[in-house]
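Numbering (the working numbering), first residue to last: 82 to 324. For every residue, glycine included, the Cβ atom is placed at its ideal position computed from N, Cα and C. Only one structure is covered here, and it is reproduced in the block below.
Pasting the structure below:
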């Protein structure tokens with residue numbers, strides 16, 4: 082973080098700066114032929130008197146779901162409605178906050194997961210997995226699904242990897258006669274750990290270029306971390322939820 086005057090800092094061609102400054106300084110930067118302002122985001126003032134109301138709504142959403150008065154989806158939707166009616170959230174902001182790419186992806190992949198199960202494909206794959214790995218213990222099979230899902234989530238989104246792997250994991254658990262919920266947890270956790278490549282998640286890509294990283298840097302750092310997570314998560318699921 083640079084806290085001194087920019088005129089005292091020697092910049093190189095291609096340097097990318099994140100600058101917090103006033104509108105006047107930003108105008109001068111735009112007029113400078115040596116600097117390109119790629120984008121700017123203005124600070125929007127907000128009403129501090131609404132902070133307690135917003136915190137109260139969030140606490141209500143979490144509390145109602147935690148105490149099992151309402152399902153989390155219902156309480157969250159009620160919280161959004163309360164935010165809109167109280168004026169804390171504008172309808173346009175709520176609309177812009179929705180990631181429509183993810184919505185359409187899930188809408189497209191969920192039928193694929195249902196088709197996997199309804200057509201017997203999940204059962205066929207599960208039978209092949211169980212037959213091909215008969216020597217594996219249930220906890221080793223749990224770890225195998227964790228690793229498999231973690232690899233798939235490097236190539237597709239975490240939502241899609243869960244939808245694709247979950248029917249197979251549940252079917253394998255049923256054929257082994259073990260806790261299907263434990264396998265569902267392993268798939269869910271693993272889908273949220275895209276650590277091995279820069280294309281696994283958006284934030285990986287955000288730091289890939291500016292940070293000067295190579296593709297192999299992610300695998301070198303992510304592989305040991307993924308191994309630790311595999312052991313800890315698998316053991317934790319087996320301990321707390323049982324097989």
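Cβ neighbour criterion (16 or more within 10 Å) applied to residue 281: Working through the chain shown from its first residue, we reach residue 281 at position 200. Answer is buried; the Cβ neighbour count reaches 16.
Reference residue 257; option with closest CA among 298, 237, 279 and 222: The residue you call residue 257 lines up with position 176 of the chain shown. Nearest C-alpha to residue 257: 222.
Spatial distance of residue 272 from residue 243 (CA atoms): Position 191 of the chain shown, counted from the start, is the residue given in the question as residue 272. Position 162 of the chain shown, counted from the start, is the residue given in the question as residue 243. Roughly 6 Å separates the two Cα atoms.
Outcome for residue 170 when other beta-carbon atoms lying within 10 angstroms are tallied against a minimum of 16: Position 89 of the chain shown holds residue 170. Buried is the call here.
Reference residue 283, options 263, 238 and 195, closest by Cα: By one-based count along the chain shown, residue 283 stands at place 202. Taking only the C-alpha atoms, the option nearest residue 283 is 238.
Alpha carbon of residue 131 to alpha carbon of residue 105, nearest angstrom: Taking the chain shown and counting its residues from 1, the one referred to as residue 131 is at position 50. Taking the chain shown and counting its residues from 1, the one referred to as residue 105 is at position 24. Distance between the alpha carbons of residue 131 and residue 105: 30 Å.
Expected contact under 8 Å - CB spacing of residue 220 and residue 319 to nearest Å: Sequence index remark: in the chain shown, residue 220 carries index 139 (1-based). Sequence index remark: in the chain shown, residue 319 carries index 238 (1-based). Sure, about 5 Å apart at Cβ, within 8 Å.
Length of the line joining the Cα atoms of residue 161 and residue 129: In the chain shown, residue 161 corresponds to position 80, counting from 1. In the chain shown, residue 129 corresponds to position 48, counting from 1. Looking at the two C-alpha atoms, the distance is approximately 19 Å.
Where the alpha helix (DSSP H) through residue 104 begins and ends: Here residue 104 refers to the residue found at position 23 when the chain shown is read from its first residue. Secondary structure note for residue 104: its alpha helix (DSSP H) is the uninterrupted segment 104 to 112.
Range of the contiguous alpha helix (DSSP H) that encloses residue 177: Along the chain shown, read from residue 1 onward, the residue named residue 177 stands at position 96. Looking at the DSSP string, the run of the alpha helix (DSSP H) that includes residue 177 is 172 to 178.
Rounded C-alpha distance that separates residue 136 from residue 143: Counting from 1 along the chain shown, the entry for residue 136 is found at position 55. Counting from 1 along the chain shown, the entry for residue 143 is found at position 62. Cα-Cα distance, rounded: 11 Å.
Residue environment, residue 299, which counts as buried when at least 16 other CB atoms sit within 10 Å: The residue labelled residue 299 in the question sits at position 218 within the chain shown. Counting Cβ neighbours within 10 Å, residue 299 comes out buried, since at least 16 surround it.
Option in 240, 296, 269 and 297 with minimal Cα separation from residue 315: Here residue 315 is taken as the residue at index 234 of the chain shown, counted from 1. Comparing alpha-carbon positions, the option among 240, 296, 269 and 297 lying closest to residue 315 turns out to be 269.
Cβ-Cβ separation, residue 267 to residue 251 (assumed contact under 8 Å), whole Å: In the chain shown, the residue the question calls residue 251 occupies position 170. In the chain shown, the residue the question calls residue 267 occupies position 186. Under the criterion of beta carbons closer than 8 Å, residue 251 and residue 267 do not qualify as touching, at roughly 11 Å.
Best match in 278, 96, 152 and 313 for proximity to residue 236 [C-alpha to C-alpha]: Indexing the chain shown from 1 puts residue 236 at position 155. Nearest neighbour of residue 236 by Cα position, chosen from 278, 96, 152 and 313, turns out to be 278.
Straight-line Cα distance separating residue 310 from residue 149: Along the chain shown, one-based indexing puts residue 149 at 68. Along the chain shown, one-based indexing puts residue 310 at 229. Between residue 149 and residue 310, the alpha-carbon positions lie close to 30 Å from each other.
For residue 101, the three-state DSSP class (helix, strand or coil): Start at 1 with the first residue of the chain shown, and residue 101 comes out as number 20. DSSP places residue 101 in coil when its eight states are reduced to three.
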